[in-house]
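Data block below; observations after.
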Ligand SMILES: Cc1cc2nc3c(=O)[nH]c(=O)nc-3n(C[C@H](O)[C@H](O)[C@H](O)COP(=O)(O)OP(=O)(O)OC[C@H]3O[C@@H](n4cnc5c(N)ncnc54)[C@H](O)[C@@H]3O)c2cc1C
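As structure tokens, then:
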């Protein structure tokens with residue numbers, strides 16, 4: 005058993021850490037304050053080859069493994085949660101379905117520009133009435149004659165990279181199965197498709213520099229060749245995509261927790277009250293000890309899930325466990341970091357309040373903590389748990 009990262013993984017980690025610290029950290033606060041999407045930084049990430057890390061080279065990506073991708077998302081999120089979710093949504097949710105189910109022609113046309121960082125991707129699954137119950141999709145797609153265009157009507161909500169993406173993958177109901185459940189298919193939707201628009205962007209608790217928006221499809225027509233995968237395979241595809249996506253949200257949670265811890269430790273060592281560093285009070289010291297322990301445990305789970313995926317082994321349960329645990333650790337650790345900072349943690353002069361606001365999303369996106377518990381319990385018990 006070898007728990008050390010490979011030399012390549014270590015190099016990737018130090019390269020991204022260096023880049024994030026030197027080039028990105030100085031512009032974080034202004035973008036967050038102005039709720040401004042970091043167009044230039046995302047472009048730079050693309051140039052560095054970090055917008056398609058786990059996608060094969062012949063599909064435009066870097067051809068690295070999922071452990072590398074988890075490391076990258078952690079390091080990016082450690083400096084900037086908004087950038088972490090932009091990259092995770094683009095890579096796992098935007099590029100992922102095209103890599104999984106795209107034809108050669110679809111990959112050449114859509115995936116290569118995305119994975120090489122020239123076009124941003126997004127994934128539209130969630131709807132106003134279909135969140136945790138993503139199968140409750142109301143958006144429809146009907147085919148205009150045999151082999152004709154698909155006409156999409158409906159809408160999506162909470163879509164990361166909305167308004168910034170050049171290519172969207174969206175799910176829609178294409179019929180009803182014999183058992184009465186919805187037949188769901190996936191479609192590739194270029195941003196300039198007539199009948200498609202981003203209606204509005206959300207004003208959020210955190211992740212202010214990321215874009216989260218509402219998509220509207222109004223007689224939106226895409227050619228037959230934009231069906232992604234087989235008709236009716238959309239539901240199965242998104243379950244598979246979400247398994248991988250959960251590893252990236254777990255890595256994002258981890259990065260935010262690490263950032264909060266990195267801020268709390270020196271603060272506890274240097275802030276003095278009652279004539280001593282506050283870290284010498286057991287009440288504060290034990291918070292630091294718990295933070296360090298939980299972060300280490302979360303990282304072990306995240307890397308294990310990524311490693312299982314890289315081995316081609318079943319990683320679904322471990323990915324759900326990693327996402328569940330890392331996101332809840334992230335909320336606890338970022339909250340504790342504010343506590344360590346006292347009043348200074350509550351004000352925007354210090355970054356720890358941002359880490360806490362950003363971390364909360366990781367308990368919600370790509371399946372809430374309750375949904376992760378359902379996934380895990382169903383796997384263990386083999387029962388239908390509602
Ligand atoms: C910033 C942000 C970015 C996002 N990005 C994307 C994106 O790029 N693409 C995309 O498709 N979606 C995206 N989402 C949507 C996200 O995946 C959903 O918000 C999430 O799946 C929860 O759905 P919901 O908000 O409708 O909540 P609901 O499903 O209504 O859940 C409400 C509450 O009920 C609980 N609940 C629901 N069902 C059960 C159950 N069976 N058992 C126990 N508890 C249950 C939930 O855990 C939660 O606590 C994003 C959301 C946010 C906030």
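Numbering (our numbering), first residue to last: 5 to 390. Every residue, glycine too, gets a C-beta built ideally from N, C-alpha and C.
Rounded separation between residue i and residue j - CA only
i, j, result
"residue 71", "residue 277", "42 angstroms"
"residue 37", "residue 212", "8 angstroms"
"residue 153", "residue 63", "26 angstroms"
"residue 237", "residue 80", "33 angstroms"
"residue 83", "residue 32", "8 angstroms"
"residue 293", "residue 17", "24 angstroms"
"residue 340", "residue 311", "30 angstroms"
"residue 371", "residue 324", "9 angstroms"
"residue 116", "residue 260", "30 angstroms"
"residue 369", "residue 245", "13 angstroms"
"residue 190", "residue 11", "39 angstroms"
"residue 200", "residue 322", "37 angstroms"
"residue 148", "residue 328", "42 angstroms"
"residue 48", "residue 29", "14 angstroms"
"residue 14", "residue 60", "20 angstroms"
Same chain only: Cβ atoms within 7 angstroms of residue i, ignoring 5 sequence neighbours per side
i, result
"residue 298", "333, 336, 337"
"residue 186", "139, 141, 177, 180"
"residue 2", "Outside the displayed range of the chain (5 to 390) lies residue 2, so it cannot be described from this structure."
"residue 208", "216"
"residue 360", "338, 339, 342"
"residue 348", "354"
"residue 233", "105, 190, 241"
"residue 161", "130, 131, 132, 218"
Residue i: CB within 8 angstroms of a non-hydrogen atom of ligand 1
i, result
"residue 73", "no"
"residue 168", "no"
"residue 45", "no"
"residue 161", "yes"
"residue 375", "yes"
"residue 171", "no"
"residue 211", "yes"
"residue 208", "yes"
"residue 393", "It is not possible to answer for residue 393, since the shown part of the chain is limited to 5 through 390."
"residue 214", "yes"
"residue 247", "no"
"residue 89", "yes"
"residue 81", "no"
"residue 368", "yes"
"residue 97", "yes"
"residue 378", "yes"
"residue 381", "no"
"residue 164", "yes"
"residue 135", "yes"
"residue 127", "yes"
"residue 372", "yes"
"residue 365", "yes"
Same chain, Cβ closer than 6 angstroms to residue i, five either side skipped, listed in chain order
i, result
"residue 57", "66, 68, 72, 73, 76"
"residue 78", "255, 258, 259"
"residue 210", "361, 362"
"residue 20", "76, 79"
Same chain, Cβ closer than 8 angstroms to residue i, five either side skipped, listed in chain order
i, result
"residue 320", "247, 379, 383"
"residue 40", "34, 213"
"residue 197", "224, 225, 226"
"residue 9", "17, 71, 75"
"residue 136", "371, 372, 374, 375"
Minimum Cβ-Cβ distance from residue i to chain B less than 9 angstroms
i, result
"residue 181", "No chain B is part of this structure, which consists of one protein chain only."
Contact belief for residue i with residue j at Cβ below 8 angstroms, rounded distance in angstroms
i, j, result
"residue 268", "residue 205", "That belief does not hold up - the Cβ atoms of residue 268 and residue 205 are roughly 32 angstroms apart, past 8 angstroms."
"residue 304", "residue 254", "Not confirmed; about 11 angstroms, so no contact."
"residue 241", "residue 101", "6 angstroms"
"residue 145", "residue 155", "7 angstroms"
"residue 330", "residue 257", "4 angstroms"
"residue 143", "residue 158", "3 angstroms"
"residue 344", "residue 272", "6 angstroms"
Practice prompt. Decide if the stretch 160-175 is in contact with the stretch 120-134; the criterion is three or more beta carbon pairs, one per stretch, under 8 angstroms apart.
Written response: yes
| query | Three or more beta-carbon pairs under 8 angstroms between the stretch 82-99 and the stretch 350-369, yes or no? | reply | yes
Exercise. Does the pairing of the stretch 272-291 with the stretch 350-358 give three or more beta-carbon distances under 8 angstroms?
Worked result: no
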